[in-house]
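Numbering (this note's numbering), first residue to last: 8 to 323. From the three backbone atoms N, C-alpha and C, an ideal C-beta is built for every residue, glycine too. The structure presented is a predicted model; accordingly, all values stated were derived computationally and were not measured.
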């Protein structure tokens, strides 16, 4: 039985878990590069009954699923993946399983981006390397307001760290209650607009869906202070790409820390790679040792359960 692991960028899949429990039943092949061409992808995996994917690096929509007649099991990291057409998979007889685990990597990266923007770390590091010394003035966090779009698990953790820095923390989402905000020691914004107008750093921690796609567009960015920063470690399409580029180019906002994009990997000539007021990372919020070990160990468990005829963590 043939099994393919896709998009193993760090060549970590085999070292982060013990595959010995399944390798006697599967012929495993690991791809460390991304397939940009759909025909090349199909040619590489068309004979596989099992395919393993890392997050949304390679979407599996109906068109692709229909071209893989041998596919029986699709395993994704995490228990939610909007890039998989679950209805089409079920119709085609493909079992889709997820994995538990994750860790606090996204929380930590959020603060790496906030701190990197506030203290101009990339510019100062480049200055030191080129022989320069002290070219910027940092932004203090103490006394500033952190606005959180979303106060789930990650948002709550981000809030707690902001409070430790002495920041005022405000939060808003369509389902956020006063009780939950109070429990986190956070001020509940009366509206999205209030949060945008009164925050110095705005960080997004929402699930991508019909209600959140394009939630931050040109009108919302106009409401932000010209000294404010936007941080997105959730999903790219929550923010209107062109509106954000315009706001960054024209100085309507001070800058942005971005870990997620509509198209990943980013094209080589994408402006997000070169704008001076953007601190960009390549969707690494979840890319930590703890998360990877949890993900890949869960993958092995899912494959083993499938081989034993009892699939687990099935996504519906």
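Item checked: Residue range of the alpha helix (DSSP H) that includes residue 299 -> To locate residue 299, count along the chain shown from 1; it is residue 292. Segment 296-314, the alpha helix (DSSP H) holding residue 299.
Item checked: Environment of residue 140 [buried if 16+ CB atoms lie within 10 Å] -> Along the chain shown, one-based indexing puts residue 140 at 133. With fewer than 16 other Cβ atoms within 10 Å, it is exposed.
Next item on the list: Give me the Cα-Cα distance between residue 122 and residue 48, rounded to the nearest whole angstrom.
Entry: Position 115 of the chain shown, counted from the first residue, corresponds to residue 122. Position 41 of the chain shown, counted from the first residue, corresponds to residue 48. Straight-line Cα distance between these residues: approximately 39 Å.
Next item on the list: Just mark residue 241 as buried or exposed, buried being the case when its beta carbon has 16 or more other beta carbons within 10 Å.
Entry: Locating residue 241 in the chain shown gives position 234, where the first residue counts as 1. By the Cβ neighbour-count rule, residue 241 is buried, with 16 or more other Cβ atoms within 10 Å of its own.
Note to self: Is the separation between the beta-carbon of residue 213 and that of residue 158 shorter than 7 Å?
What the structure shows: Stepping through the chain shown from its first residue, residue 213 is reached at position 206. Stepping through the chain shown from its first residue, residue 158 is reached at position 151. No, Cβ-Cβ distance for residue 213 and residue 158 is not below 7 Å.
Note to self: Going residue by residue through the stretch 152-180, where are the continuous alpha helix (DSSP H) segments of at least 4 residues, counting only ones entirely within it?
What the structure shows: Counting whole runs of 4 or more residues, the stretch 152-180 contains the alpha helix (DSSP H) stretches 160-171.
Check: residue 79 lies in the alpha helix (DSSP H); which residues open and close that run?
Finding: Position 72 of the chain shown, counted from the first residue, corresponds to residue 79. Where residue 79 is concerned, there is no enclosing alpha helix (DSSP H), given that its DSSP letter is neither H nor E.
Check: Which residues does DSSP pair with residue 286 in a beta bridge?
Finding: Position 279 of the chain shown, counted from the start, is the residue given in the question as residue 286. Answer by DSSP bridge pairing, in chain order: 264.
Notebook entry, point to check: In the stretch 54-133, which residue ranges form an unbroken beta strand (DSSP E) of at least 3 residues, counting only runs that do not cross its ends?
Noted result: Counting whole runs of 3 or more residues, the stretch 54-133 contains the beta strand (DSSP E) stretches 57-60, 80-83, 102-104.
Next item on the list: Give, in chain order, every unbroken run of the alpha helix (DSSP H) that is at least 4 residues long and sits entirely within the stretch 197-283.
Entry: You should have 199-205, 225-230, 248-257.
Item checked: Beta-carbon spacing of residue 107, residue 305 below 7 Å -> In the chain shown, counting from the first residue as 1, residue 107 sits at position 100. In the chain shown, counting from the first residue as 1, residue 305 sits at position 298. Yes; because the gap between Cβ atoms is below 7 Å, this pair is in contact.
Check: From residue 198 to residue 168, what does the alpha carbon distance come to, in whole angstroms?
Finding: The residue given as residue 198 occupies position 191 in the chain shown. The residue given as residue 168 occupies position 161 in the chain shown. Taking C-alpha positions only, residue 198 is separated from residue 168 by approximately 23 Å.
Notebook entry, point to check: Looking only at DSSP bridge pairs, what is residue 9 linked to?
Noted result: Residue numbering aside, residue 9 sits at position 2 when the chain shown is read from its first letter. DSSP output for residue 9 lists 34 as bridge partner(s).
Notebook entry, point to check: With distances taken between CB atoms, is the gap from residue 244 to residue 215 smaller than 7 Å?
Noted result: To locate residue 244, count along the chain shown from 1; it is residue 237. To locate residue 215, count along the chain shown from 1; it is residue 208. Yes, Cβ-Cβ distance for residue 244 and residue 215 is below 7 Å.
Next item on the list: Taking only the alpha-carbon atoms, compute the straight-line gap between residue 290 and residue 149 and give it to the nearest angstrom.
Entry: If you number the chain shown from 1, residue 290 lands on position 283. If you number the chain shown from 1, residue 149 lands on position 142. Taking the straight line from one Cα to the other gives about 28 Å.
Notebook entry, point to check: Under the three-state reduction of DSSP, which class applies to residue 195: helix, strand or coil?
Noted result: Position 188 of the chain shown, counted from the start, is the residue given in the question as residue 195. In the structure shown, residue 195 sits in a strand (DSSP, three-state: E or B).
Margin query: Going by C-alpha to C-alpha distance, which of 176, 175, 194 sits closest to residue 184?
Written below: Within the chain shown, numbered from 1, the residue matching residue 184 stands at position 177. Closest option to residue 184, Cα to Cα, is 194.
Next item on the list: Give the straight-line distance between the Cα atoms of residue 73 and residue 269, rounded to the nearest whole angstrom.
Entry: For the purposes of this step, residue 73 is identified with residue 66 of the chain shown, where counting begins at 1. For the purposes of this step, residue 269 is identified with residue 262 of the chain shown, where counting begins at 1. Rounded to the nearest angstrom, the two C-alpha atoms are 24 Å apart.
Note to self: With distance defined between alpha-carbon atoms, name the residue in 68, 32, 125, 177 nearest to residue 383.
What the structure shows: Residue 383 is absent from the model: the chain starts at 8 and stops at 323.
Notebook entry, point to check: On the three-state DSSP scale, how would you describe residue 146?
Noted result: Sequence index remark: in the chain shown, residue 146 carries index 139 (1-based). Residue state, collapsed to three classes: coil.
Next item on the list: Pull up the CB-CB distance for residue 284 and residue 251, whole angstroms please, since I reckon it's below 8 Å.
Entry: Along the chain shown, read from residue 1 onward, the residue named residue 284 stands at position 277. Along the chain shown, read from residue 1 onward, the residue named residue 251 stands at position 244. 11 Å between Cβ atoms; not a contact.
Notebook entry, point to check: Hey, residue 57 and residue 104: beta-carbon distance below 7 Å or not?
Noted result: As a position in the chain shown, residue 57 is number 50, starting the count at 1. As a position in the chain shown, residue 104 is number 97, starting the count at 1. Their beta carbons are not under 7 Å apart, which means residue 57 does not touch residue 104 by this criterion.
Note to self: If distances are taken between C-alpha atoms only, which option among 145, 265, 130, 52 comes closest to residue 116?
What the structure shows: As a first step, residue 116 must be located in the chain shown, where it is residue number 109. It is 265 whose Cα lies nearest to the Cα of residue 116.
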